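Novice:
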Amino acid sequence: MMTKLLIIYILISFLFTMKFKKFLMTLISIEILMLITSLMLMLNLSLISSNFIIIYFLIFMVSESVLGLSLLIMMSRIHGNDSMQIMNMIW
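First residue of the sequence shown? That's -4 in our numbering, and the numbers climb one at a time after it.
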């Protein structure tokens, strides 16, 4: 199970490094990476029964996704779309 998750994690992280044209696709790939990381964390920490680390990680995941969605909404309202080309002009 762990090797399958590692292979999926490596593939998704490779896709994340590619240039996406839409900001939403970048957010989705980050969320999939966080989901796989949380699954691996739950599998590893289930043996020592330390649930507080998993809860802290889930809180971090929620705050990261809220921040990403708020950036997406702000960028959509200001520029009218979520194209990454607009973001390259900003930076």
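Ideal Cβ positions, reconstructed from N, Cα and C, are used throughout, including at glycine.
On a predicted model such as this, the values are computed, not experimentally measured, just so you know.
Enumerate in chain order the residues of its own chain whose CB-to-CB distance from threonine 21 is below 6 angstroms, with the five nearest sequence positions on each side excluded.
Specialist: Listed in chain order, the non-local C-beta contacts of threonine 21 below 6 angstroms within the same chain comprise Phe15, local neighbours out to five positions each way being set aside.
Novice: What separation, rounded to the nearest whole angstrom, lies between the Cα atoms of threonine 12 and asparagine 46?
Specialist: 32 angstroms
Novice: Suppose you measure from the CA of valine 57 to the CA of asparagine 76; what does that come to, to the nearest Å?
Specialist: 24 angstroms
Novice: Could you give the DSSP three-state label for serine 78: helix, strand or coil?
Specialist: Residue state, collapsed to three classes: strand.
Novice: For tryptophan 86, which of helix, strand or coil comes out of DSSP?
Specialist: With a pLDDT of 48 at tryptophan 86, under the threshold of 50, the modelled position of this residue cannot be trusted; read the value that follows with caution. Tryptophan 86: coil per DSSP, three-state reduction.
Novice: For glutamate 26, which residues from the same chain have a beta carbon less than 7 angstroms from its beta carbon, with the 5 sequence-adjacent residues on both sides left out?
Specialist: Ser60
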